[in-house]
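**Q**
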Amino acid sequence: MGGDVVNKGRSPRAVLRGSAALVLAAGLGACKMGPDYHRPDLWSPSHYDMHGNAVQDAQVKSVLSSAAPDPHWWRVFHDPELTSLEERVVRENLDVLRAATQLAQSRAQLLMAGAERFPALTAAGSYRRTQYSTKEAQYLVNKVGRQFGGPNGNLLADSAGDVVVPLLNQWSDSIDATYEVDLWGRVARQYEEAKAQLEASDEARRGILIAQQADMARDYMTLRGAQEQLRIARANRGLQADTLALAKDRFRSGLVTDLDVQSAEAQLAATDAQVTQLQQQIAQEMNAISLLLGAPPGALNGELDRAAGIPVIPPRVPVGVPSELAQRRPDIRRADAQLHVAVAQVGEAMAEFYPKVTISADFGFQSLSFRDLGFWNARAWNVGPSISLPIFQGGRLRGQLQLKKSAQKEAAIAYQQTVLGAWREVDNALIAYRDEQLRRDSLVKAVDANRKAVALARDQYRSGLVTYLNVLSAQGNQLVSEQRLADSTTVLASDLVALYNALGGGWETDFPLDDPSKATVTRLASGAVAPSATGTPAPR
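Everything in the sequence shown is counted per the working numbering, starting at 405 for the first residue and increasing by one.
1. What would DSSP say about N556, mapped onto helix, strand or coil?
2. Where I795 and L807 are concerned, what is the direct C-alpha to C-alpha distance, given to the nearest angstrom?
3. Can you check whether the CB of V569 is closer than 8 Å to the CB of A524?
4. Return the CA-CA distance between C435 and F552, expressed in angstroms with no decimal places.
5. Is it the case that the stretch 569-583 contacts the stretch 754-769, given that we only count it when at least three CB pairs across the two stretches are under 8 Å?
6. Considering V761, what are the terminal residues of the beta strand (DSSP E) in which it resides?
7. Since S898 sits in a beta bridge, which residues does DSSP pair it with?
8. Would you report the Cα separation of E840 and L896, rounded to the nearest angstrom?
9. Assign L501 to buried or exposed, taking buried as 16 or more other Cβ atoms, counted over all protein chains shown, within 10 Å of its Cβ.
10. By Cβ distance below 7 Å, which residues in the same chain neighbour A592 in space, the five residues on each side in sequence not counted?
11. From the DSSP output, which residues share a beta bridge with R511?
12. Taking all protein chains shown into account, do 16 or more other C-beta atoms lie within 10 angstroms of the C-beta of L627, making it buried, or fewer, making it exposed?
13. Would you mind reading off the limits of the beta strand (DSSP E) that contains A581?
14. What does DSSP give as the partner residue(s) for R783 in the beta ladder?
15. For my contact list, R733 and G529 are in at a C-beta cut-off of 8 Å; report their separation, rounded to the angstrom.
16. So, with DSSP's three-state summary, where would you put Y441?
17. Buried or exposed for F481, going by 16 or more other Cβ atoms inside 10 Å?
18. Going by DSSP in three states, L869 sits in which element: helix, strand or coil?
19. Does S605 pass the burial test, meaning 16 or more other C-beta atoms within 10 Å, or should it be called exposed?
20. In the DSSP assignment, what residue or residues form a beta bridge with R533?
21. From D559 to T538, what distance separates their C-alpha atoms?
22. Name the residue from F757, Y837, T822, G778 whose alpha carbon lies nearest to the alpha carbon of G798.
23. Can you tell me whether R737 is buried or exposed, with buried defined as 16 or more other CB within 10 angstroms of its CB?
24. Taking the C-alpha atoms as reference points, what is the distance between G931 and G698?
25. Put R733 into one of helix, strand or coil per three-state DSSP.
26. Going by alpha carbons, who is nearest to N832 out of S792, G438, D776, D453?
27. With DSSP as the reference, label S470 as helix, strand or coil.
28. Once you ignore the five residues that flank L847 on each side, which residues in its own chain have a CB closer than 6 Å to its CB?
29. Is the number of C-beta pairs between the stretch 703-711 and the stretch 687-694 that are closer than 8 Å three or more?
30. Enumerate in chain order the residues of its own chain whose CB-to-CB distance from V851 is below 6 Å, with the five nearest sequence positions on each side excluded.
31. Take E949 as the anchor and find which of N573, N556, M620 has the nearest alpha-carbon.
32. Please list the terminal residues of the continuous alpha helix (DSSP H) segment that includes R609.
33. Whole angstroms is fine: what's the gap from V870's alpha carbon to R656's?
34. Compare the C-alpha of A668 against each of G658, K652, A677 and name the closest.
35. From S576 to P789, what distance separates their C-alpha atoms?
36. Considering only their Cβ atoms, is the gap separating V723 from S448 smaller than 8 Å?
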């Protein structure tokens, strides 16, 4: 009889081979529930257009080019300081570094989701010192003896009271394996979702970098514009001081009344007030640039104080072709990835309605003696599948599927909205860039005319042909027109920054590592903080 049992038994290797065949067959026959993702088609015009008429187009000096733009678009300004600042944004901006760590988290999520596709192996070992119930053992011996009956059975039953269960040492070690047979693609959809989520995180990081680079360029343009306006105000102050001296000379000569002197002093004081205001604006812009590089206030003052004019726009602006917009803009790429996530989640929710098949196996050794633990006859194993099927969930699965389908529709609408918003930004940026060029050309003519008017007014005032009011008006017009020209030059450079930002910025820019730089990590982990404005450490 014992031989028959041995012959009918199956070895662990045979059972494992059978289970492996089951897994392979299930894998070959597996299918993914839910729709597969396909990127939506995008409309795009054949070329970019500033929407100007023939006269305006002839007046625009900086025109568009379909040539591939430089990923480092700030180089079109040929400003070494701006280039240096932009390159440091990639390495030192705290928002960019934080986005890099968030991307690392998404990669970890993908790693965890990918692990579900493979068997999980666990090594286990245990030791227990166990005292089983003596009373229970005596009862069982007595029960067995009474059931057998006869002399031997009665003898066994009578000796049950003498049974004593000793303390036992139980040793075991094993390797356990579990694997979910992905018949309906639930695990595959989870991995697909995690990959799409990683892409969305990557595009979010890219969007943050481009936004920070654009902010740096805008702040830099504003700083240079304020410095230019300060130079203009100081230059006009010099002219106004000369005019005040002339008014005093004419007053002492009795040629004019004290009104001319008071008017000249009032004009000079107003310009001094404007100088103070511009100095404040310059300090604030320098602090804004320092913040973008993760530096304390005032850290870059020495570097940015060096005189430099407002960056000049190039005669030709390479912008590429419209069909590339979806490949450049990180917000469109992120919306695309988020739509992919939503589609994969629908497949996951559909797979929850179907059975889950899991194969579990373990192989190891068990013994009451540690010395016998390694013997082959101490082996113990089991292997086999298990299946679970949701029968009644109170509508939870149906509600979850409806939720994911609604989320997919929302993501599709958000994608369409993002694309339309991108085209609106591009169109607005093109119009603003064209119109500001026309405005600046008019201001250049106004400045030239006002400078000539000031020279004529001063000469005629010196000759007594006009009153000081004519000089005052001419100088005021000159100051206003020169400052408006400086403002327009600043706005024009900022409009070009906005155009490149709308086109997707430095879409091929190299990014920092997923983890922030060692220097930044060390500085932040050590609790170092920016010094206060007084130079003493700020409170922690």
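For every residue, glycine included, the Cβ atom is placed at its ideal position computed from N, Cα and C. Source: prediction; values computed, not measured.
**A** To lay it out plainly:
1. helix
2. 20 Å
3. no
4. 57 Å
5. yes
6. 760-771
7. S898 pairs with nothing; no bridge assigned.
8. 6 Å
9. buried
10. K436, D586
11. For R511, which the question treats as bridged, DSSP gives no partner whatsoever.
12. buried
13. 571-585
14. F769
15. 55 Å between Cβ atoms; not a contact.
16. coil
17. buried
18. coil
19. buried
20. N573
21. The residue you asked about is not Asp; residue 559 is Leu in the sequence shown. Approximately 19 Å, taken between the alpha carbons.
22. F757
23. buried
24. With a pLDDT of 41 at G931, under the threshold of 50, the modelled position of this residue cannot be trusted, and the question is left open.
25. coil
26. D453
27. coil
28. R888, L889, S892
29. yes
30. S885, E886, L889
31. It is not possible to answer for residue 949, since the shown part of the chain is limited to 405 through 944.
32. 590-656
33. 18 Å
34. K652
35. 23 Å
36. no
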